[in-house]
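Quick notes on the structure that follows.
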Amino acid sequence: MLPRHIHDVPEPKNNKPKALAPYNFVELPNKIVEVKSESLPQYNSYYSQSENRYTGRIECTLITKSPLYIRCGLTREEFECGAETKDLPDFFYTQPEARNEKPVIPGSSLRGMTRSLIEIISFSKITKVTNKKPFYRSLGDKALQEIYASNLIEQSEEIHPRNPGIQIPCYRSKVRAGFIRKINNKDYVIEEFGYGRIDRNDLPCIPNQPRQSLYIGKKPGSNPNWKYQHQHIYVDIDAEEKNYFFPRQVTTDTKTGKQKERHPDIYLRYRHVNSASLQACSNMKPATLVITGDMQYKHLEFVFLHDKIGEYQVADEIIQRFHDDDQITKWQEDSFPKDKPTKNSRPKDGYLQNGEPVFFLLNEDGETIRFLGRAQMFRLPYDLSPYDLVPENLRNSSITDITEAIFGYVDGKERENARAGRVFFNDAICTQPVNVWYQGDFEKTLIPKILGSPKLTTFQHYLVQTSTDRKQLKHYSPQPDDEKTVIRGHKLYWHKGSNPDIKLPPNPNEPSDTQTTQIKPIKSDVHFTFTINFENLSDVELGVLLWVLSISSGKAQAFGIGKQGEEYCLSLGMGKPLGMGAVKIEHKLYLSDRTTRYQKLFDGNHWNEAETSASDEQQISFIKAFEEYVIDNISNEDKPKEGELNSLKDLPRIEMLLAMLRWNSPLKAEDTRYMTIKPTNEYKERPVLPTPLQIMNITDNRKLPTSSASSPENISTKKFEKPIIKPQNNNRDSRPNNNRYNSGDGNSSHPAIQRPKPPKK
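Sequence positions in the sequence shown follow our numbering and run 15 to 775.
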C-alpha cells in the first residue's frame with residue numbers, strides 16, 4: 015500500500031501559522047485501472063453499437079462562473095520581433111478583425127481540462143510529472159540541515175587550544191573552486207584551482223580612487239560591485255589549509271535583550287590570505303577576487319589562485335539545469351547581468367560566462383561533477399525528482415489505461431504501436447453579442463496579482479507526510495524503505511466564488527515590469543458553445559467522458575455522480591490560484607448509426623445523418639458501466655474502510671476531487687491564499703498542508719497503512735542518518751596540527767563558514 019498523508023493535521027500551537035494554499039491534491043491510486051490492448055478497436059473502420067462501440071457527438075454549452083482568461087498566441091510578426099506573450103493582453107481569438115467581439119476558447123484547452131479529470135476518476139497513470147530535481151540550500155532548516163551540511167562540509171575533532179582536556183569540532187569545506195570554460199563551442203570543463211579567504215580590510219585599493227563598497231544596494235539583496243568582482247590581484251596566502259580557532263560567539267536581541275549563541279568554540283580549516291596587492295610581487299601568487307553574497311557578519315571574501323590542480327568535464331544536463339528558471343535566482347540575475355563584465359558577455363541575465371569563477375562539488379567517485387554554483391554554499395539538487403516519487407506501477411508505459419485508450423498515446427516505448435485518439439474537441443465560440451469583458455470594455459486591461467511558478471521545494475505541501483514534526487518531514491532525498499514517500503497526487507485549485515479578488519492592489523513598492531502582466535479576462539455568466547466528436551468509444555469510455563461533462567451540470571445528482579446539495583465547477587485557463595476560470599458545462603449527446611448513415615444520402619429534405627438524441631437513461635447506463643468497471647478493477651486499498659460502495663463518489667479519492675470542485679459554500683479567502691514571507695515568514699516552521707477532506711470537514715474514510723504513522727502520537731522517533739561520504743582524493747587535504755586563533759567571521763549561519771566579528775578594541 016502506498017504511503018498516505020496524515021489524516022488529521024493538528025492545529026498549530028503558540029500562535030504559529032497553519033498551512034494555507036490556494037491548491038490541494040487528489041491522492042494517488044494504489045493501482046491503475048488497465049485496458050487490455052486487444053479490447054481496443056483493431057481496424058480503421060467504424061464499429062456498430064451492437065459491438066459495444068459508439069460514435070457520435072456531444073454538443074456543449076460552457077458558462078463562465080468566474081473571470082476567465084486564456085492568452086492569445088503570438089503572430090508571426092510578433093514572434094520575429096521578439097515579443098513576449100506576457101506583454102500581449104488579448105484573450106485568445108481566431109479572427110483578428112473580430113477579436114473584441116468573438117473571443118475563443120481553444121479546443122486544446124478544453125481537451126486538456128477534460129483529460130486531466132478523466133485521469134483522476136478513471137484511476138489512470140500519472141506521467142506528466144517533472145523529472146527535474148528541485149534545489150535546496152537550507153542551513154537553517156531542521157528538516158534538511160544535516161543532509162545539506164554533510165554534503166558540503168567535513169567535520170573532525172581537534173584539541174581545544176585553551177583546554178587540552180576537551181575536543182571541539184573542526185569544519186572544512188568539501189567544495190572546490192575553478193573556472194568554467196567552453197571548448198569546441200559546445201562542451202564545458204571546469205579547471206580546478208586552489209582558493210582561500212581574504213579579509214575585506216586586506217583588499218588592495220585601486221590607485222588614485224576612493225575606496226568603494228564591495229556591494230551595491232541594500233542587504234540582503236545587495237549585489238557585488240563589478241569594480242572589484244573578478245579583479246586580478248596578487249596574494250600572500252597560506253601554502254596549505256590550516257585550522258583557525260573561533261571562540262564562542264553570542265548575539266543579543268535588541269528587542270528582548272536575550273542572548274543567543276551563534277556558535278560554540280570551533281575550528282575552521284581553510285587557506286588564509288595574509289596580504290594582497292594589485293602589483294605583481296615576487297613572494298605573491300596571482301589570483302582572482304570572487305565576491306559572493308553579502309550576508310550578515312560576513313567580512314571574508316574569496317580568492318581563486320591561478321595554479322591549476324585538475325580538470326573535470328561538465329555534463330550538458332548540469333549546464334542546462336543551472337540555467338533553468340528555478341535555479342537562476344533574482345540575485346543571480348541582478349549580480350551577473352548579461353552586460354557584465356562586458357556588453358553581451360552572457361546570453362541572458364544570470365547565465366554563465368566563459369571563463370567565469372565557480373564553486374563545484376564532486377560526486378563520491380571523485381571524478382565527476384555533482385553540481386556547481388556561484389557561492390561556496392550553493393544550492394544543491396536533491397537526489398530525487400518528483401517523477402522519482404511516483405511509484406513505478408503508476409507510470410508503467412507498457413500498460414494502457416482508460417485515458418490513453420480514449421486520447422491515444424505516442425510514447426509507446428514498450429508498446430508496439432502508437433495509438434490515435436478517438437475524441438476531438440472543437441474551439442468554443444462565444445455566443446453572446448453583448449459586452450463580455452470583465453473590465454466592461456475590450457480596450458481596458460488589468461494587472462492581476464503576481465503568481466509565481468510552483469514551489470516544489472515546499473515539500474510539506476507537495477509530498478505525502480505522515481508526521482507534522484519538522485524534523486520528520488519527507489523530502490526529495492532517499493529514505494529507508496519503510497519511510498519512503500510519494501507525491502501528494504493531482505494538483506487542483508479551490509474555487510473562490512464568482513467575483514474573486516484578482517487585481518494587483520496599489521503598492522508604493524511597485525513590482526518591476528518583469529514580474530507583472532496585463533490581461534483582458536471575460537466576466538462571469540458568458541456562454542460559449544463547442545462540439546466534441548467521438549468515434550468507436552466503448553460504453554465505459556463514453557461513460558467516463560459523460561461523467562466529466564455532467565459533474566458541473568444540473569444533472570449531476572440525477573445521474574448519481576454528485577452528492578446531494580452540492581454544486582460543482584470545473585477549472586479552465588489562467589489565474590486558477592486567484593479563483594479565475596470556474597466554468598460549468600451543459601451538454602447533449604447524439605449517437606450516430608454509421609451503417610444506416612451510409613445506406614442513403616438524404617433523409618427527406620436533409621442529409622441523412624442517422625443521429626439520435628440520447629436519453630438521460632442511456633447516459634446513466636454509460637456512466638454506470640464506467641463506474642462499475644472502475645470499482646471492479648481498483649485496489650481494495652483504494653476502497654473506503656467502512657460503509658457501502660455503491661458508486662464512484664463513495665471512494666475517498668473521488669471525495670477529494672468533489673471537495674476541490676465544490677462551487678457552493680466556498681472556503682474563506684483567508685483559508686485559500688498563498689502563505690507569506692513578510693511581515694512574518696509563515697513557511698518557517700514548514701506547516702503540513704491538510705487533505706481536502708480535513709479542510710472541508712468531510713469524514714476521512716480512507717484505508718491507511720498500518721505500518722506508517724497517520725497521527726502525531728504514533729510517529730517513529732527514528733532519525734534520518736547522515737549520508738556516509740566516501741573519502742575523496744583531495745590535493746587540499748593535508749592536515750598538519752597547526753591550529754590558529756582567529757576572530758574573523760564568515761557569511762552564513764553554519765559554523766563551518768560563519769565567523770564572528772573581531773572584538774572591539
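Heads up, the beta-carbon is just placed ideally off N, CA and C, and yes, glycines get one too.
Distance between residue 715 and residue 630, taken at the CA atoms: about 31 Å.
The C-beta separation of residue 702 from residue 23 comes to about 5 Å, placing the pair in contact by the 8 Å criterion. 149 is the residue among 166, 507 and 149 whose C-alpha sits nearest the C-alpha of residue 337. Around the beta carbon of residue 621, fewer than 16 other beta carbons lie within 10 angstroms, which makes this residue exposed. Under the three-state reduction of DSSP, residue 647 is assigned to helix. Straight through space, the alpha carbons of residue 542 and residue 75 are spaced by roughly 6 Å. Within the same chain, 651 and 655 come within 6 Å of residue 717 by CB-CB distance, once the 5 residues on both sides are set aside. Counting along the chain, the unbroken beta strand (DSSP E) around residue 283 starts and ends at 280-284. Between residue 231 and residue 440 a beta carbon distance of about 53 Å is seen, past the 8 Å cut, so the two are scored as non-contacting. Counting the other Cβ atoms within 10 Å of the Cβ of residue 448 gives fewer than 16, which makes it exposed. By the CB criterion at 8 Å, residue 552 and residue 66 fall inside the cutoff. Taking all protein chains in view, the Cβ of residue 139 is crowded by 16 or more other Cβ atoms within 10 Å, so the residue is classified as buried. By the CB criterion at 8 Å, residue 102 and residue 124 fall outside the cutoff. Spatial neighbours of residue 100 in its own chain (CB-CB distance under 7 Å, excluding positions within 5 residues in sequence) are listed in chain order as 531. Membership of residue 170 in the beta strand (DSSP E) is indicated by the continuous run 167-173.
Around residue 470, the same chain offers 148, 400 and 476 as residues with beta carbons nearer than 7 Å, after the five sequence neighbours per side are excluded. The alpha-carbon of residue 512 is positioned some 57 Å away from that of residue 197. Its Cα nearest to that of residue 214, the residue 290 stands out among 290, 40, 54 and 61. Rounded to whole angstroms, the separation of the alpha carbons of residue 91 and residue 450 is 28 Å. Straight-line measurement puts the Cα of residue 443 at about 13 Å from the Cα of residue 114.
For residue 144, there is no enclosing beta strand (DSSP E), as DSSP gives it neither H nor E. Excluding five sequence positions before and after residue 248, the CB atoms of its chain that fall closer than 8 Å to its own CB belong to 290, 291, 292, 293, 294, 295, 298, 299, 300 and 301, given in chain order. Taking all protein chains shown into account, residue 371 has 16 or more neighbouring C-beta atoms within 10 Å of its C-beta and is therefore buried.
Pairing residue 489 with residue 604, the inter-Cα distance amounts to about 49 Å.
The C-alpha of residue 660 lies about 50 Å from the C-alpha of residue 334.
Beyond the five residues adjoining it in sequence on each side, residue 15 comes within less than 7 Å, by CB distance, of 44, 651 and 719 in the same chain, given in chain order. A contact is defined here as three or more CB-CB pairs under 8 Å, and the region 237-246 meets this definition with respect to the region 348-356.
DSSP places residue 290 in the uninterrupted beta strand (DSSP E) bounded by 287-291. Contact holds between the region 274-281 and the region 259-266, because three or more Cβ pairs, one in each stretch, are under 8 Å apart.
Counting C-beta pairs closer than 8 Å gives fewer than three between the region 25-34 and the region 391-405, which falls short of the contact rule. In the displayed model, residue 240 falls within coil according to three-state DSSP, outside both helix and strand. In the DSSP assignment, residue 415 is bridged to 48. The beta carbon of residue 319 sits closer than 6 Å to the beta carbons of 207, 208, 299 and 301 from its chain, once the five residues preceding and following it are set aside; these are given in chain order. A residue is called buried when at least 16 other Cβ atoms come within 10 angstroms of its Cβ; residue 474 meets this threshold and is buried.
When DSSP states are grouped into helix, strand and coil, residue 62 belongs to the coil group. In this structure, residue 668 and residue 662 form a Cβ contact; the two beta carbons are roughly 5 Å apart against a cut-off of 8 Å.
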